[in-house]
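Student:
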Amino acid sequence: MSITTPPRPLDVTALFPRLAPLARTATRLHPRPGSPSVHDSSVGGPLLWPTGEPWPHCAGPHVWDGRNPALSPDDVRWERRIRAELAGRPHGDPNLPLAARYTPEEAATAKRIKAGRPWPEGPVAMLPMAQLYVRDISDLRPPGQSEADLLQVLWCPFDHPANPTTALRWRSTAEITDVLAAPPEPPAMQFRGYLPEPCLLAPEQITEYPNPLELSKELQQELRDWTRWQAAGAAVDSSYSVAPDEFYMINLSVAPGWKTGGWTRWGLTDPMPRRCQECGTEADPLLTIASSEWSANTKTWAPEEDQVNLTSPLVLPSSQKPTKLDIARGYNLQLHVCPASPDHPHIELIQ
Ligand SMILES: [Zn+2]
Ligand SMILES: [Zn+2]
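Plus 11 on top of the position in the sequence shown (first one is 1) and you've got my numbering.
1) Look up Y342 in the DSSP assignment and say whether it is helix, strand or coil.
2) Is any non-hydrogen atom of ligand 1 found closer than 7 angstroms to the C-beta of G133, if you look at the structure I gave you?
3) Please classify M12: is it buried, with 16 or more other beta-carbons within 10 angstroms of its beta-carbon, or exposed?
4) Keeping to the same chain, check which residues put their C-beta closer than 7 angstroms to that of L97; ignore five residues upstream and five downstream.
5) Assuming contact is defined by CB atoms lying nearer than 8 angstroms, are A141 and L298 in contact in what I supplied?
6) Quick one: residues in its chain with C-beta nearer than 7 angstroms to the C-beta of R235, no 5 flanking neighbours on either side, listed in chain order?
7) Does the distance between the C-beta of G71 and the nearest non-hydrogen atom of ligand 1 fall short of 7 angstroms?
8) Given A159, which residues of its chain have a CB within under 8 angstroms of its CB, disregarding the five upstream and five downstream residues?
9) Our contact map puts P80 next to A119 with C-beta atoms below 8 angstroms; I'd like the distance itself, whole angstroms only.
10) Identify the continuous beta strand (DSSP E) that holds A141 and give its terminal residues.
11) Classify M283: buried if its beta carbon has 16 or more other beta carbons within 10 angstroms, exposed otherwise.
12) Would you call K270 buried or exposed, if buried means 16 or more other Cβ atoms sit within 10 Å of its Cβ?
13) For G268 and Q362, which I take to be in contact (beta-carbon distance under 8 angstroms), what is that distance rounded to the nearest angstrom?
14) Within the 8 angstroms Cβ cut-off, does R180 reach chain B?
15) T177: buried (16+ other C-beta within 10 angstroms of its C-beta) or exposed?
16) Is E289 a contact residue of ligand 2, with contact defined as CB to any heavy atom under 7 angstroms?
17) With H, G and I counted as helix, E and B as strand and the rest as coil, what does DSSP make of K228?
18) Measuring only the C-alpha atoms, how far is T24 from D85?
19) Note down, in chain order, each residue of its chain lying with its Cβ closer than 8 angstroms to the Cβ of T16, except the 5 sequence neighbours on either side.
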């Protein structure tokens with residue numbers, strides 16, 4: 012599977028040579044639903060986990076919103092499977108909702124799921140979010156001097172008073188002899204959008220530049236100067252003439268979607284320092300866990316394979332949200348790590 016980002020509308024360093032030293036490589040992961048094994052790089056797939064090692068649990072506290080009942084991962088899997096099946100079933104009245112096509116058994120299951128699961132007491136088993144083999148993502152490097160060749164990311168599918176709770180493991184696969192066959196699962200989770208759909212990956216390297224707010228005042232000034240952009244002719248959408256730095260931010264700086272490395276994506280807040288709690292070093296972007304691969308606003312980043320489906324601005328193909336995750340209503344969870352040591356705590360940032 013190969014998935015390709017269309018070329019950027021123009022070479023931004025030709026217009027703004029001072030951006031050139033700020034170029035960073037990021038790897039877009041391009042998740043697509045599939046059946047990954049423990050030997051694949053994946054999102055929401057099984058982890059190559061040694062039998063002897065305790066599975067990570069989260070002790071909370073878990074914040075209930077007071078409205079939505081909890082569901083088990085299997086409840087969400089059932090709903091996703093049945094929804095796909097229902098769409099293909101014959102039906103009489105096209106105005107009937109999908110639920111009207113349930114068999115009696117399915118209706119009973121749906122009713123039970125709607126009633127909700129008990130809110131868990133005590134620690135909750137974390138869910139696999141992703142595992143990434145270094146062989147698949149050449150820019151992925153463990154922090155410090157580690158020889159690890161596999162990164163595993165788990166998360167707790169509940170809201171917490173502060174940031175989401177995630178666990179990172181760097182491993183050397185050569186040291187793993189027995190693989191845990193049936194890892195524990197949380198008895199309940201908070202939202203449907205907290206269960207990643209199993210996806211295989213099609214990593215692709217791209218080049219990123221910083222968010223405008225992370226640039227020097229001089230560069231910010233240059234990016235706002237429409238006369239400088241006119242040298243690029245029709246490659247720049249003239250509707251951006253009043254705010255060409257927006258054109259830069261949306262189309263030329265940071266890619267949307269799942270990725271490793273690159274620059275931090277900002278949107279919810281202005282840029283802020285991400286210093287390691289242990290040693291104060293500025294942490295590096297490691298992994299962006301995204302709710303969607305691109306949006307109507309960022310559709311120049313939609314892969315070439317999807318561009319044919321973009322004839323209507325209202326209908327977005329399912330490849331836009333392959334993982335079915337919904338983090339903080341459509342935002343991204345970005346993990347940052349201290350370059351000094353894999354033992355220093357990582358930083359979770361929602362943007
Ligand atoms: Zn938790
Ligand atoms: Zn540190």
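Note that CB positions come from ideal geometry on N, CA and C, so glycine has one too.
Tutor: Taking the definition as stated:
1) Residue state, collapsed to three classes: strand.
2) In this structure, the C-beta of G133 stays at least 7 angstroms away from each heavy atom of ligand 1.
3) Exposed: under 16 other Cβ atoms inside 10 Å.
4) Around L97: L109 and R112.
5) The answer is yes: Cβ separation under 8 angstroms.
6) Hits under 7 angstroms: P255 and D256.
7) At least one heavy atom of ligand 1 lies less than 7 angstroms from the C-beta of G71.
8) Excluding residues within five positions, the ones whose Cβ falls inside 8 angstroms are V145, P153, W181, R182, S183 and P353.
9) The C-beta distance from P80 to A119 rounds to 16 angstroms, too long to fall under 8 angstroms, and the pair is not in contact.
10) Element bounds for A141: L138 to Y144.
11) Under this definition M283 is an exposed residue.
12) Only buried fits K270, as 16 or more other CB atoms lie within 10 angstroms of its CB.
13) The Cβ separation is near 13 angstroms, so there is no contact.
14) Of the protein chains in this structure there is only one, and it is not chain B.
15) Buried.
16) Correct: E289 has its Cβ closer than 7 angstroms to ligand 2.
17) Correct three-state label for K228: helix.
18) T24 and D85: Cα-Cα distance of roughly 49 angstroms.
19) Within its own chain, the residues whose Cβ lies closer than 8 angstroms to the Cβ of T16, once the five positions on either side in sequence are excluded, are R39, E215, I217, A266, W312, P314 and E315, listed in chain order.
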